[in-house]
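Protein chains in written order, with this note's numbering: chain A, 474 to 765; chain B, 474 to 765.
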C-alpha cells in the first residue's frame, strides 16, 4: 500500500467510525419505543456494513465545500437507514428469502416476519424525520425520489419480476439503475445540495453517483457468482440458485468486469471540476476493488 | 337531518371529492414505474375509505386561516398515503392476516405478499416526497414522528404483542394513543403548521387531534364487536377471534361508549379558540356516529 493509499484508507476509516457513532446515536431509545422494535432496529443497523452510501454523501459534501454540522450527520445517518430498510424488506421470505446478512441471521429470522416489516418501516420513517430536521426540503425530495416508485423500489419490483426469466442485458441495466444507482446518485446529489453546490457541479455529482452505483452493482453480481460466503457475510451463489437476473448472467463475466471498469472510469471523469476529490475517487476504488 | 347538518355534510362531501381527485393525481403513472407496482398502489388508494385524516388536515388548516394551495393538497394526499401504507402492511399474513379491506380483497391477496410490502413502502415514500415538496420541513418532521417508532408503528408493535394476552385498560389506551391518535394529532397539527398557526392554537389542535383519534379508535373497537361485515367492508368480530386487545374487551361496551363520548367532548372543547370550527366539529360527529 502506497503512502497516499494508506492516508485515504485512514481518512475513510475515520469517517466510517463517525458515521457508525451517529447511526447509533439517532436510533430510538428502548425507553420511548417498544423494546422489541428498538432492538430490531439496532440489530440491523449495528450488524456492520461498508457504510458506502453515507460515505458518498460525505465525500460529495466535502468536495462541494461543505463543512459537516449536526444536520449533515442526520442526513448521513438517514441514507444508511434507508439502505438498511431496503435490505430488511428485501430479505423477507415473500421477497428474496435470505437467512444470512452481514454474517448474521436476517432480521425476520431473529425477530419474526412481522417485526422485520415494522423495523424496516420504522427505519425508513426515522430517515425522513432526520432529513426533515436538516431543514432542507430539497434533500427530503431527493432521497424520496431515489428510493421511491421510480427508484429503488421500482428496481426491487423489476428484480422480483425477472426471477427465473430470460432477461436482456438492457433490462438488467434498467433494474440496476433503479435498484442501486438511484440511491448512490441521491447520496452524491444530496451531499452537494447540503453544501449549496452550483448546478454544473450538481450535474457532475449526478453522473458520478449513477456511474459509481452502476460499477458497484456489477461488482456485486460478480461477487455473488465468484465470491466467498464467509467473506461476504451473505450466501454466495444465491442469485444463480434463485434464477435472478444478473449482469454477468445476461452478458458474461468478462463483459461484466469490463463494463464495471468503464463505469468506474466514467465516475472518475465526472469529477474533473472538483479540486477536493480525493475521497470521491477513493470511493470508486472501494466500490470496484472489493471482496465483500 | 337539520339544515346545518345537511350543509356540513355537503361541505365534507365536496372536500372528500377534491381529496379523492388529488389522491389519484399524485400516484405514479404506469409509464414511469413498473406497472404491477403502480397498479397495486392505485388499487389500495382507490378502494375507498372515509378520508378522515386528510379531512382533519383540511379542517385544521381552514380553522387556522389557511387558504388551500397545491402544496396544501400535497400534504392532504400524503397523510392518506401514510394511512393506507399502514393498512397494507397491517393486513399482511405476518401481521393481522386480513383478507378483506373496504369490501375488497386486501393488497397481498390481490397482488401477492412481496408486491404488497413494496406497494406499502412506495406509498410511504411518495408521502414524504409530497411532504418535502410543500417546502415545510416542520410538516415532514411532524408526520414522521406521528407514524414512526414512537407513534403509529409503535402502536402496531403493541397491538401484535398484546394478541392473546390479558391486557389492562391502561395498556389498551397506550396502544390506541400510538396506533391511531398519533396520526390524527399529526394531521390536526400539520394543518395548523401549514397555515402558520400560533403556538396556543397549535396546542389546542394537538389536544383536538389526540381526543378525536381516541374517540375514533374506541368506536372502531365497538364496531368490530357489534358491527356488520358488509357495512364495514372488513370482517366484523376479527379482533375478538384473534384475541386482540380492545377497549370494550379491557373494560366493557358501556364504559367504552362513555369514554368515546368523553373524548369527543374533550375534542370539541379544545376548539373554543377557533372561530371557524364548523368542519372540525363535524369531523367529531363523523368519528363517533358512524356505522363503518
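All C-beta atoms, glycine included, are put in the ideal place defined by N, C-alpha and C.
Since the model is a prediction, treat every value here as computed from it, not as a measurement.
Selected residue, minimal CA-CA separation from residue i, among the options
i	options	result
residue 666 (chain A)	A:500, A:540 and A:513	A:540
residue 650 (chain B)	B:590, B:626, B:668 and B:669	B:626
residue 505 (chain A)	B:628, B:485, B:752 and B:703	B:628
residue 601 (chain B)	B:638, B:616 and B:591	B:616
residue 587 (chain B)	B:566, B:607 and B:576	B:566
residue 509 (chain B)	A:632, A:689 and A:595	A:632
residue 638 (chain A)	A:512, A:745 and A:717	A:717
residue 685 (chain A)	A:732, A:747 and A:722	A:732
residue 707 (chain A)	A:754, A:521, A:654 and A:487	A:521
residue 750 (chain A)	A:678, A:606 and A:657	A:678
residue 561 (chain A)	A:690, A:709, A:655 and A:597	A:597
residue 737 (chain B)	B:761, B:491, B:674 and B:725	B:761
residue 546 (chain A)	A:710, A:606, A:759 and A:570	A:606
residue 802 (chain A)	A:487, A:495 and A:758	Residue 802 (chain A) lies beyond the residue range present for chain A, which begins at 474 and ends at 765; the question has no answer from this structure.
residue 557 (chain A)	A:574, A:641 and A:544	A:574
residue 747 (chain B)	B:725, B:673, B:594 and B:727	B:673
residue 656 (chain B)	B:755, B:559, B:542 and B:641	B:559
residue 726 (chain A)	A:753, A:492, A:692 and A:752	A:692
residue 630 (chain B)	B:563, B:589, B:595 and B:745	B:563
residue 495 (chain B)	B:542, B:503, B:745 and B:484	B:542
residue 544 (chain B)	B:568, B:754, B:593 and B:492	B:492
Helix, strand or coil at residue i [DSSP, three-state]
i	result
residue 565 (chain A)	coil
residue 573 (chain A)	strand
residue 541 (chain A)	coil
residue 507 (chain A)	coil
residue 701 (chain A)	coil
residue 584 (chain B)	helix
residue 660 (chain A)	helix
residue 715 (chain A)	coil
residue 632 (chain A)	helix
residue 725 (chain A)	coil
residue 640 (chain B)	coil
residue 519 (chain B)	helix
residue 748 (chain B)	coil
residue 609 (chain A)	coil
residue 764 (chain B)	coil
residue 734 (chain B)	helix
residue 622 (chain A)	coil
residue 595 (chain B)	helix
residue 707 (chain A)	coil
residue 668 (chain B)	coil
Residue(s) in a DSSP beta bridge with residue i
i	result
residue 501 (chain B)	DSSP, once it has assigned bridges, lists no residue as partnering residue 501 (chain B).
residue 527 (chain A)	In DSSP, residue 527 (chain A) forms no bridge with anything.
residue 578 (chain B)	B:573
Same chain only: Cβ atoms within 8 Å of residue i, ignoring 5 sequence neighbours per side
i	result
residue 468 (chain B)	It is not possible to answer for residue 468 (chain B), since the shown part of chain B is limited to 474 through 765.
residue 500 (chain B)	511, 514, 515, 518 and 599
residue 675 (chain A)	662, 665 and 666
residue 636 (chain A)	715, 716, 717 and 718
Close-in-space but distant-in-sequence residues of the same chain around residue i (CB under 6 Å, 5 per side omitted)
i	result
residue 719 (chain A)	694 and 712
residue 537 (chain A)	665, 668 and 670
residue 489 (chain A)	524
residue 764 (chain B)	704
residue 645 (chain B)	718, 720 and 723
residue 690 (chain A)	649 and 653
residue 584 (chain B)	513
residue 702 (chain A)	708 and 709
residue 647 (chain A)	none
Residues of its chain near residue i, where Cβ-Cβ distance is below 7 Å and the 5 sequence neighbours each way are ignored
i	result
residue 572 (chain B)	578, 579 and 582
residue 612 (chain A)	548, 604, 663, 666 and 667
residue 591 (chain A)	510
residue 721 (chain A)	694, 695, 698 and 729
residue 609 (chain B)	666 and 667
residue 658 (chain A)	619, 679, 682, 683 and 686
residue 773 (chain B)	With chain B covering only 474 through 765, there is no way to say anything about residue 773 (chain B).
Amino acids of chain D, ordered along the chain, whose beta-carbon sits closer than 8 Å to that of residue i
i	result
residue 511 (chain B)	Here the protein chains are A and B, and chain D is not one of them.
Could you tell me whether the region 572-586 of chain A touches the region 607-626 of chain A, using the rule of 3 or more Cβ pairs below 8 Å? No, the region 572-586 of chain A is not in contact with the region 607-626 of chain A.
Using 8 Å as the Cβ pair cut-off and three pairs as the minimum, do the region 533-547 of chain B and the region 656-664 of chain B touch? Result yes; three or more Cβ-Cβ pairs closer than 8 Å.
How about the region 513-530 of chain A and the region 548-564 of chain A: do they share at least three Cβ pairs that are nearer than 8 Å? A contact exists between the region 513-530 of chain A and the region 548-564 of chain A.
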